[in-house]
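Numbering (my numbering), first residue to last: 678 to 1121. Following: one structure in structure tokens, then a few remarks.
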């Protein structure tokens, strides 16, 4: 709270600070797993380059797990940084406000909530508890309508290129228009001649070759609007203030126009709104993106809404195990993650273990590039989601290599089949690895 008489700017709040030398009860054998996702409002989207949003520490000497994480409410960009130093761990949880937020006299500013968990003796339980903490995130009205995978093209490519990319993908029957479908930013008109000006036509054409069509949007880029809730950047573009009640109402109405085109799902891009406009609105980039996501969610009428993908993966097994570990438990609790992007041009061959890691991923798979027929077949098989839940058992280790897989034969909730899957390099499994988190008896 600003208890002074003049405005102050806040760049960060650290709800947890672990000073050097204070966390020294963990042994030298302690391992750390950094979960890396970007939170766009309520929607996590995996990114291998992102700063960690949670860190799980496991000490095998006493079989204890200590974890620190963030629960995003869209106020800030909140990350966790824990590092070993001189026989101890140090760091903490920090909410960064970018740009800094101006707090007027008498006003308050809050960080995102921080999350702490201590558990023993089952290390995998920490992953369960963190997933349970996210169950109140907004979800599509019908999770079964969420596509398991879709095909897209790089920014700048045309509708014809997207249609061509979809050919031959047996098992993947959805297509996503990239952000560059729009001509003049904010116009809601296609970039002719590569895209039809009336994007209703693009939705219809994509649905002719695919079961579902999606579109990427930046709802904060507009072509007009009242000065009360818009501002122009140095390049002359107009941007919407989503923190204004009028601005939110205006943005929802525009996104309802997009919904009227007939697309089946929506990807919300990280907004390109410049920092000088954010400063003018006195909101952070994290809050702007969170409100933009909420804007599309309100307009979508229950259709699936995702944060757009960040970065891309190739054919390396361990990078897919990391992505699966960050998303699988969330999917089990109905938390829909943004897509994990697969760059097919970087994949010459996909082995069985990599294909299984892709199948364990709890997020939709977004494919672009021109894969070989063999790679196409393997990926299509991996993303045909079966009726199972995959759970990392060594969740405090990077790229977890031991997993529990639970299936419900015939869809019956009264009968469970449990299996333990070991990837090369996994620790030896034990009978305890076959137990469900509630101790429910299961066929093995």
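Beta carbons are placed, not taken as given, at the ideal position from N, Cα and C, and that holds for glycine.
Inset, instruction - Express the C-alpha separation of residue 917 and residue 685 in angstroms, rounding to a whole number. - result: Stepping through the chain shown from its first residue, residue 685 is reached at position 8. Stepping through the chain shown from its first residue, residue 917 is reached at position 240. Using only the alpha carbons, I get a separation of about 25 angstroms.
Inset, instruction - Output the residue ranges of the beta strand (DSSP E) runs that lie fully inside the stretch 884-956 and measure 3 residues or longer, sorted by chain position. - result: Correct list: 889-894, 907-909, 915-917, 942-945.
Legend entry - Bridge partners - residue 993, DSSP secondary structure assignment: Your numbering for residue 993 matches position 316 in the chain shown. Residue pairing of residue 993 in beta bridges, as defined by DSSP: absent, with no partner found.
Inset, instruction - Give the single residue among 887, 1011, 1068 whose Cα lies nearest to the Cα of residue 1036. - result: The residue labelled residue 1036 in the question sits at position 359 within the chain shown. The shortest CA-to-CA distance from residue 1036 to any of 887, 1011, 1068 is the one to 1068.
Inset, instruction - Quick one: grab the DSSP three-state call for residue 681. - result: Numbered from 1 along the chain shown, position 4 holds the residue referred to as residue 681. Residue 681: coil per DSSP, three-state reduction.
Legend entry - Own chain residues within Cβ distance below 6 angstroms of residue 1025, not counting five before or after: Within the chain shown, residue 1025 is the residue found at index 348, counting from 1. Cβ within range, chain order: n/a, list empty.
Legend entry - Pick from 790, 787, 786, 703 that is closest to residue 766, judged by C-alpha positions: Position 89 of the chain shown, counted from the first residue, corresponds to residue 766. It is 703.
Inset, instruction - From the DSSP output, in three-state form, read off residue 1121 for me. - result: Within the chain shown, numbered from 1, the residue matching residue 1121 stands at position 444. Legend: pLDDT at residue 1121 = 41, less than 50; position of this residue unreliable, value from coordinates given subsequently. In the structure shown, residue 1121 sits in coil (DSSP, three-state: anything other than H, G, I, E or B).
Legend entry - Beta-carbon contacts of residue 806 that lie in its chain and below 6 angstroms, excluding the five residues immediately before and after: By 1-based counting over the chain shown, the position of residue 806 is 129. Annotation for residue 806: 794 place their beta carbon closer than 6 angstroms to its own, counting only its chain and skipping 5 residues before and after.
Inset, instruction - Decide yes or no for the touch test of the stretch 887-905 against the stretch 943-951: beta carbon pairs closer than 8 angstroms, at least 3 of them. - result: As far as the Cβ criterion goes, the stretch 887-905 touches the stretch 943-951, which means the pair count is three or higher.
Inset, instruction - Using the Cα positions of residue 783 and residue 678, report the straight-line distance between them to the nearest angstrom. - result: Mapped onto the chain shown, residue 783 falls at position 106. Mapped onto the chain shown, residue 678 falls at position 1. Whole-angstrom Cα-Cα distance: 6 angstroms.
Inset, instruction - Quick one: measure Cβ to Cβ for residue 1102 and residue 725, integer angstroms, because I've assumed they're closer than 8 angstroms. - result: The count along the chain shown starts at 1 and reaches residue 1102 at position 425. The count along the chain shown starts at 1 and reaches residue 725 at position 48. A Cβ-Cβ separation of about 19 angstroms leaves residue 1102 out of contact with residue 725 under the 8 angstroms criterion.
Inset, instruction - Use the C-beta contact count for residue 1071: other C-beta atoms within 10 angstroms, 16 or more gives buried, fewer gives exposed. - result: Counted from its first residue, the chain shown places residue 1071 at position 394. That one is buried.
Inset, instruction - Measure the Cβ-Cβ separation of residue 776 and residue 956 and say whether it is below 7 angstroms. - result: For the purposes of this step, residue 776 is taken as residue 99 along the chain shown, with counting starting at 1. For the purposes of this step, residue 956 is taken as residue 279 along the chain shown, with counting starting at 1. Their beta carbons are under 7 angstroms apart, which means residue 776 touches residue 956 by this criterion.
Legend entry - Three-pair Cβ contact test at 8 angstroms for the stretch 709-729 versus the stretch 1000-1018: With the cut-off at 8 angstroms, the stretch 709-729 and the stretch 1000-1018 touch.
Inset, instruction - Identify whether residue 1054 lies in helix, strand or coil by the three-state DSSP scheme. - result: The count along the chain shown starts at 1 and reaches residue 1054 at position 377. Helix at residue 1054.
Inset, instruction - Go ahead and pull the three-state DSSP assignment for residue 716. - result: Position 39 of the chain shown holds residue 716. Note: residue 716 maps to strand in three-state DSSP.
Inset, instruction - Assign residue 937 to buried or exposed, taking buried as 16 or more other Cβ atoms, counted over all protein chains shown, within 10 Å of its Cβ. - result: Walking along the chain shown from the start, residue 937 turns up at place 260. Around the beta carbon of residue 937, fewer than 16 other beta carbons lie within 10 angstroms, which makes this residue exposed.
Inset, instruction - Have a look at 933, 826, 839 and flag the residue whose alpha-carbon is nearest the alpha-carbon of residue 865. - result: The sequence position of residue 865 within the chain shown is 188, counting from 1. Nearest C-alpha to residue 865 among 933, 826, 839: 933.
Legend entry - Length of the line joining the Cα atoms of residue 716 and residue 814: For the purposes of this step, residue 716 is identified with residue 39 of the chain shown, where counting begins at 1. For the purposes of this step, residue 814 is identified with residue 137 of the chain shown, where counting begins at 1. Rounded to the nearest angstrom, the two C-alpha atoms are 11 angstroms apart.
Inset, instruction - Decide if residue 859 is buried, meaning its Cβ has at least 16 other Cβ atoms within 10 Å, or exposed. - result: As a first step, residue 859 must be located in the chain shown, where it is residue number 182. So residue 859 ends up on the buried side.
Legend entry - Cβ distance (whole Å) where residue 733 is taken to contact residue 1073 below 8 angstroms: Indexing the chain shown from 1 puts residue 733 at position 56. Indexing the chain shown from 1 puts residue 1073 at position 396. The pair is a contact, with the Cβ atoms about 4 angstroms apart (cut-off 8 angstroms).
Legend entry - Nearest residue (CA-CA) to residue 729, options 718, 744, 737: For this step, residue 729 is matched to residue 52 along the chain shown. That would be 744, whose Cα lies nearest to the Cα of residue 729.
Inset, instruction - Inspect the beta-carbon positions of residue 688 and residue 961 and report whether they are closer than 7 angstroms. - result: The sequence position of residue 688 within the chain shown is 11, counting from 1. The sequence position of residue 961 within the chain shown is 284, counting from 1. No, they are not a contact pair.
Inset, instruction - Out of 833, 842, 712, point me to the one whose CA is closest to residue 803's CA. - result: Position 126 of the chain shown holds residue 803. Here the closest residue by C-alpha is 712.
Legend entry - Residue environment, residue 870, which counts as buried when at least 16 other CB atoms sit within 10 Å: Mapped onto the chain shown, residue 870 falls at position 193. Exposed, because fewer than 16 other Cβ atoms sit within 10 Å of the Cβ of residue 870.
Inset, instruction - Since I believe residue 991 is in contact with residue 1020 (beta carbons under 8 angstroms), could you give me their beta-carbon distance rounded to a whole number of angstroms? - result: As a first step, residue 1020 is located in the chain shown; it is residue number 343 there, counting from the start. As a first step, residue 991 is located in the chain shown; it is residue number 314 there, counting from the start. Contact between residue 1020 and residue 991 is confirmed by a C-beta separation of about 6 angstroms, below the 8 angstroms threshold.
Legend entry - Per DSSP, the bridge partner or partners of residue 724: Counting from 1 along the chain shown, the entry for residue 724 is found at position 47. None; residue 724 has no bridge partner.
Legend entry - Residue nearest to residue 1065 in terms of C-alpha spacing, selected from 1099, 1022, 1032, 1006: Against the chain shown, residue 1065 aligns to sequence position 388. Minimum Cα distance to residue 1065 is reached at 1006.
Inset, instruction - Leaving out five residues on either side along the sequence, give the residues of the same chain with a beta carbon under 6 angstroms from the beta carbon of residue 750. - result: Here the question's residue 750 lines up with position 73 in the chain shown. Result list for residue 750: 789, in chain order.
Legend entry - Reduced DSSP category for residue 872 - H, G, I as helix; E, B as strand; rest coil: Position 195 of the chain shown, counted from the start, is the residue given in the question as residue 872. When secondary structure is reduced to three states using DSSP, residue 872 falls in the coil class, being assigned neither helix nor strand.
Inset, instruction - Can you grab the Cα-Cα spacing for the pair residue 758 / residue 882, in whole Å? - result: Taking the chain shown and counting its residues from 1, one reaches residue 758 at position 81. Taking the chain shown and counting its residues from 1, one reaches residue 882 at position 205. Rounded to whole angstroms, residue 758 to residue 882 spans 47 angstroms at the Cα level.
Legend entry - Any beta strand (DSSP E) of 3 or more consecutive residues that is wholly inside the stretch 745-824: Every beta strand (DSSP E) stretch that sits fully inside the stretch 745-824 and reaches 3 residues is listed by chain position as 754-762, 765-780, 791-796.
Legend entry - Distance between residue 919 and residue 682 (C-alpha atoms, nearest Å): Here residue 682 refers to the residue found at position 5 when the chain shown is read from its first residue. Here residue 919 refers to the residue found at position 242 when the chain shown is read from its first residue. Their backbone Cα atoms lie some 28 angstroms apart in a straight line.
Legend entry - Span separating the alpha-carbon of residue 1099 from that of residue 1106: Position 422 of the chain shown, counted from the start, is the residue given in the question as residue 1099. Position 429 of the chain shown, counted from the start, is the residue given in the question as residue 1106. Approximately 8 angstroms between the Cα atoms of the pair.
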